[in-house]
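Everything below concerns the one structure shown next.
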Amino acid sequence: MKKILICLLLLLAAMAGGCAADSSKTTAAAPAAAAQASQTAPDFSFAYLDGTKASLTQLRGKPVFLNFWATWCPPCVGEMPHFNAVYPRYKDKINFLAVSLDDNMQEAAAFIQQQGYSFPVGYGNVNDLAGKYDIQGIPTSLLLDADGKIIASKIGAMTETELEAFLQKAL
Amino acid sequence: MVKRKLVQFLTALLYNGNLPGFWQGRLWQGSSKSVCLPGLNCYSCPGALGACPVGALQSSLSGVFLRVPFYVIGTLLLFGLLLGRLICGWACPFGLVQELLYKLPTPKLQRTAFTARLARFKYLIAIVFVLLLPIVYYLLTGTGVPAFCKFLCPAGTLEAALPLAAVNAKLRGSLGVLFSWKLLLLLVILTASVGIYRPFCRFLCPLGALYGLFNRISLFGVKVDAAKCIHCDACMRTCLMDCRQAGDRECIACGECRSVCPTDAISLGKKF
């Protein structure tokens, strides 16, 4: 019995130790509150799947549809055909950017290429973005105005009708 | 068994030590989240400091690329070989919730041959929902789905969906039929827990099913001294799980049987 207790307590202490070392993460989430409606979307760097580096502020001048997704997330990949369907109708009025939070860019690139999607896809740093945007789950979509202010946000996958209604808020 | 309750409470607290997450409605994002906890504890619980092993296993079978989760399998093997289902009895927050509900003074459904048969159901759940369905989804649609987490897991509903939805209006707005189904399932399990000892653990839990396979060979757990045992079955009359003998694959090493053994043949601790 004592050995079991000691074993469990050591396990718990190891976990607690590991988490204490990570205590900054509790406060690190706080600035993410900035990523709320009517606030300016935090800037971040990303790479398009062809390797071109860019940042969110470079998309200003037109509203931005910003989506966070990953290949391991079934609802994320489930709504992508809708992005692809509406993109030709909206691309002149709204910049699209679907940012992959995968472990590596190759998986995202392979998937997008395999599906033949035409909307712009980027690859971002998950730790940076999760903190800046307070991403609590994916897919998370945001709509920004031409100045980068957040107009609307949505957690969860959208149907094509819901997506169109979401995009209309920027027009 | 005060010590066991204390360990269960401490474990629940340490698994979910990000307490501000509950009222902020935010998940812990530290690197400890990439570490698998021994017990069933939802990754998306606002307090969770680590990952659920079943969730991590499911995650590898989700999405458009299936992966062999070497780390998760290794972690499960390690926990299984070290502790087996002792983890269920001592280090599972959802087991604790069920045990506390069972303490309510109501008539109790005793274990029977039927419940013993029903205990095999969790192996079917493990095979179908944790392993087969994600792969079937992948083969049919090109996208694997974490079927157990998505369709069944009541711990996820209790520990993640409810606390997050309580403080996050956007999440509340996105709840649909699936949430209603999982809430119903949770309510059924919690209600059943008042009259049936740990029904989820006994009949449904895939993690318990897996750890149970290690019970005979785990380093720590319940051990019966064959030389002292007089086969009086006093231990089995006390057992609330569906064990046929102390320490078998249904045993969660709660240790209750030790106190009734007339020959002190049952021990709890290091077995080898």
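Going line by line, the protein sequences match chains A and B. Quick note on numbering: our numbering labels position 112 of the first sequence as 112, and the sequence is numbered without any gaps. To convert, take the position in the second sequence, counting from 1, and add 1000; that gives our numbering. Every residue gets a Cβ at the ideal spot worked out from N, C-alpha and C, and that includes glycine.
* Buried or exposed: B/V1188, going by 16 or more other Cβ atoms within 10 Å of its Cβ? -> exposed
* To do: Can you say whether B/G1273 is buried or exposed, counting buried as having 16 or more other CB atoms within 10 angstroms of its CB?
  => The structure shown does not extend to residue 1273 of chain B, since chain B is modelled only from 1001 to 1272, so the question has no answer here.
* Take the Cβ of B/W1090 as the centre, count every other Cβ of all protein chains shown within 10 Å, and call the residue buried at 16 or more, exposed below. => buried
* Can you tell me which of A/I150, A/N127, A/A165 and A/I155 puts its alpha carbon nearest to the alpha carbon of A/K62? => A/I150
* Asked: In chain order, what residues of the same chain have a beta carbon less than 8 Å from the beta carbon of A/A85, not counting five sequence neighbours either side?
  -> E160
* **Reference B/S1174; option with closest CA among A/D128, A/S153 and A/L59** => A/S153
* To do: Only counting runs of 3 or more residues, tell me where the beta strand (DSSP E) segments fall wholly within the segment 1193-1224 of chain B, in order along the chain.
  => 1220-1224
* Fully enclosed by the segment 1216-1272 of chain B, which beta strand (DSSP E) runs are 3 residues long or longer? -> 1220-1224 and 1266-1270
* Whose CA, out of A/R89, A/W72 and A/I155, lies closest to the CA of A/E164? -> A/R89
* Can you name, in chain order, every residue of its own chain whose Cβ lies under 6 Å from the Cβ of B/R1249, other than the five neighbours on each side? -> G1212 and N1215
* Asked: According to DSSP, which residues form a beta bridge with A/I150?
  -> A/L144
* **Contacts around B/C1232, its chain only, beta-carbon distance under 7 Å, and the 5 residues preceding and following it disregarded** => P1262
* Pairwise C-alpha distance: B/S1193 and B/C1235 -> 22 Å
* To do: Starting from the C-beta of B/G1142, find all residues in its chain whose C-beta is less than 7 Å away, skip the five residues before and the five after it, and write them out in chain order.
  => V1064
* Measure the C-alpha to C-alpha separation of B/V1072 and A/Q168 and round it to an integer number of angstroms. => 43 Å
* Asked: Which partner residues of A/N127 appear in the DSSP bridge assignment?
  -> None, per the DSSP bridge assignment.
* Asked: Near A/A44, what residues of its chain come up, given a Cβ to Cβ distance below 7 Å and the 5 sequence neighbours on each side ignored?
  -> Residue 44 of chain A is actually Phe in this sequence, not Ala. S55, L56, G124, D128, L129 and K132, listed in sequence order.
* In angstroms, rounded to a whole number, what distance separates the CA positions of B/Y1123 and B/C1205? -> 8 Å
* Residues in the segment 1051-1068 of chain B with C-beta within 7 Å of chain A's C-beta atoms, listed in sequence order? -> S1059, S1062, G1063, V1064 and F1065
* Asked: Any idea what DSSP makes of B/C1149, helix, strand or coil?
  -> helix
* Contact list for the segment 81-112 of chain A against chain B, Cβ threshold 7 Å -> E107 and F111
* Would you please state the rounded distance, in angstroms, between the beta carbons of B/F1220 and B/K1170? I believe it to be under 8 Å. => With a Cβ gap of about 44 Å, B/F1220 and B/K1170 do not count as contacting.
* Asked: If we ignore side chains and look at the alpha-carbon of each, how far apart do A/Y87 and A/T71 end up?
  -> 20 Å
* Asked: Buried or exposed: where does A/N95 fall if 16 or more other Cβ atoms within 10 Å of its Cβ makes it buried?
  -> buried
* Rounded separation between B/K1003 and B/R1258 - CA only -> 14 Å
* Asked: Between A/A41 and chain B, is there a C-beta pair that is closer than 7 Å?
  -> no
* Distance, B/F1200 Cα to B/L1118 Cα -> 11 Å
* **Proximity of B/R1172 and B/A1165 at Cβ, strictly below 7 Å** => yes
* **Contacts that A/T161 makes with chain B (C-beta to C-beta distance below 9 Å)** => Chain B residues near A/T161: none, gap ~15 Å exceeds 9 Å.
* Asked: Taking 7 Å as the CB-CB cut-off, is A/A157 touching chain B?
  -> no
* **alpha helix (DSSP H) segments (min. 4 residues) lying fully within the segment 1090-1128 of chain B** => 1093-1102, 1113-1118 and 1121-1125
* Quick one: which chain B residues come within Cβ less than 8 Å of A/A130? -> Q1029
* Asked: Residue ranges of each alpha helix (DSSP H) run of no fewer than 4 residues wholly in the segment 1024-1094 of chain B, ordered along the chain?
  -> 1053-1060, 1070-1083 and 1086-1090
* **Cβ contact (3+ pairs, closer than 8 Å) linking the segment 1021-1032 of chain B and the segment 1133-1151 of chain B** => no
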